[in-house]
Structure formats: C-alpha cells, structure tokens
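Chains as they are written, first to last, in the numbering used here: chain W, 173 to 308; chain E, -11 to 126.
The beta-carbon is built from N, C-alpha and C at its ideal position, and this holds for glycine as well.
Quick caveat, the model's predicted, so the values are computed rather than measured.
Written out as structure tokens, the structure reads:
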C-alpha cells in the first residue's frame, strides 16, 4: 500500500471534517490515486503524520508529496513540512472553487453533485502536477 | 444570571485516508454531529492541533473530548493527548470489528452497506460516550 519506490508521488489530503471542502480534498485524492494516476501515486493518513508515526514520516521524507487542502489553514501542507517531508506541490480546494464559482458544495459526510464535480476538476489539476513531478 | 457556555463534547476523528476504518470513523463522527447528537457535540480537524494556533490546541481544555480512531495506531487519541489534552473517552473502530489492523483490502473511498452499518454502530457508541460524559458533568 505504501510507496517505497522512487518515481511515486504521495498525495495527502487534509480530509477536514468540519466543512465540505475537506471532503472534496479527500475525494480528489482518491480519484488521483485510484483512477487517474493509479500505480504512480499513493496516499497516507495525515493523522499518522500528526501522531508522529515513524514509517509515515519516512514515507513523506523519501517521496515527493502533494498536499491537497480544503481551506486556507492548509493543515496537510503544514503538517508535511513540519514532519520534514518533501513537499513538492500544494493545492487548495478554495482556489479551484474560485475558478468554478457556479459550484456550491454543501454536503460534508457524502459529497453532493457540486462537491463531486469540484473534486473531479481538482483531481485533474493534481494529476497534471504528478506528471510534471515524475518527469523531473 | 451569568450566561454560561453550553455544555458540549468535542468528537475528534482520525479520518484516516489510508484504510476503510478511517472512513468509517469519519462518517460515524459526522453522523453524530449531524443527526445523532447535533446539539451536544462539536468537532475540530485533528491536523489543526499542529497547523493551527494556541486556540486550536486548547480545544480539549474547552471541551471534554472523545476520540474516534480507525485502527490501533490511535492517531486521534495520541494527537489529542499530545497537543491538546487527555480525552474523556476513546473509541477504536477495529475494536468493534475485531479485525487485526487497518489494511487497505478494499477502497476506503466509498462505504458499502456493511461498512455504513458499522459506521452507524460506531455513531451509537460515540453517542453513548457523549451522554456519559455530559451526565458526569452535571
């Protein structure tokens, strides 16, 4: 499950539990890891970084990481940096939302139509970034 | 009369992205917040203890907390204890399933009906803990 080889990107969502944008970050990450860039990406629990799990800390230090944050507090990006991880790129759902103002995601527990569409758009952006990172 | 703040319990989920039990902990927590005990509970994103400021880290001082973890790594419990305060209660999803650990045997993305039923069961357990915590505080 965990990325151990070179040429993999670890996509880490904030999974914020208080707002729909956290759920969008989570869904976008799964879309990249399980569909768009399956095999060259992986994800891990952000909570494992918070709790200082040694195996996870090594994972983020030894692989290129992409943080996907719901809100401007950027928990995923900050926690990867604090853990000494290789933060190669960072996305914020709020930025994708600004580019797509017609979308109004509301539901947190299970994404509604707008939330799913926003997640798909964000996933495309993250997938492009994965390609760019793996070309380097 | 002094207007005291409402008594609420903080429910902190691990939200583990890496395995289905993390999704179950997340969905169970949301069910408690939205449906089962909406008036009695609040939450905070676990990673905010590190990414946020003093206000976030003082969360467990403001509210008695119940942590909800997907697996026996206990990230929510460990993180809350380390950065905010000792939780009043702790629930681990794999304790209820009796599975040996948290492995990605299937996608954590969407819950099937069996996993959703387990999330509802976890939500009931959280609600019982919430009631107990509030009862002790009366």
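Is residue i helix, strand or coil by DSSP?
i, result
"residue 1(E)", "strand"
"residue 189(W)", "coil"
"residue 297(W)", "helix"
"residue 114(E)", "helix"
"residue -10(E)", "Legend: pLDDT at residue -10(E) = 49, less than 50; position of this residue unreliable, value from coordinates given subsequently. Residue state, collapsed to three classes: coil."
Could you tell me how far apart the beta carbons of residue i and residue j are, in whole angstroms, since I believe they sit closer than 8 angstroms?
i, j, result
"residue 48(E)", "residue 110(E)", "About 21 angstroms; that fails the 8 angstroms criterion."
"residue 260(W)", "residue 237(W)", "6 angstroms"
"residue 302(W)", "residue 212(W)", "7 angstroms"
"residue 294(W)", "residue 263(W)", "6 angstroms"
"residue 114(E)", "residue 30(E)", "Residue 114(E) to residue 30(E), Cβ: 13 angstroms. No contact."
Mind pulling the alpha helix (DSSP H) runs of 4 or more residues that sit fully within the stretch 209 to 287 of chain W? Here the runs fully enclosed are 218 to 222, 226 to 234, 247 to 254 and 265 to 271.
Taking only runs that begin and end inside the stretch 17 to 103 of chain E, name each unbroken beta strand (DSSP E) of 3 or more residues, in chain order. Within the stretch 17 to 103 of chain E, the complete beta strand (DSSP E) runs of at least 3 residues fall at 29 to 31, 53 to 57 and 77 to 80.
Assess, as a yes-or-no matter, whether the stretch 4 to 16 of chain E is touched by the stretch 205 to 223 of chain W under the definition of 3 or more beta carbon pairs within less than 8 angstroms. Yes, since at least three Cβ pairs between the stretch 205 to 223 of chain W and the stretch 4 to 16 of chain E fall closer than 8 angstroms, the two stretches touch.
Given 8 angstroms as the limit, is there contact between the stretch 271 to 285 of chain W and the stretch 185 to 199 of chain W, that is, 3 or more CB pairs closer than that? Contact check between the stretch 271 to 285 of chain W and the stretch 185 to 199 of chain W: three or more CB pairs, one atom from each, fall below 8 angstroms, which counts as touching.
For the stretch 34 to 42 of chain E and the stretch 66 to 78 of chain E, state whether three or more C-beta atom pairs, one from each stretch, are separated by less than 8 angstroms. Yes: at least three Cβ pairs fall under 8 angstroms.
Would you say the stretch 201 to 211 of chain W touches the stretch 269 to 278 of chain W, given that touching needs at least three Cβ pairs under 8 angstroms? In this structure the stretch 201 to 211 of chain W does not touch the stretch 269 to 278 of chain W; the number of beta carbon pairs closer than 8 angstroms is below three.
At a cut of 8 angstroms, does the stretch 99 to 107 of chain E reach the stretch 10 to 25 of chain E through at least three beta carbon pairs? Touching, yes, given that three or more Cβ pairs across the two stretches are closer than 8 angstroms.
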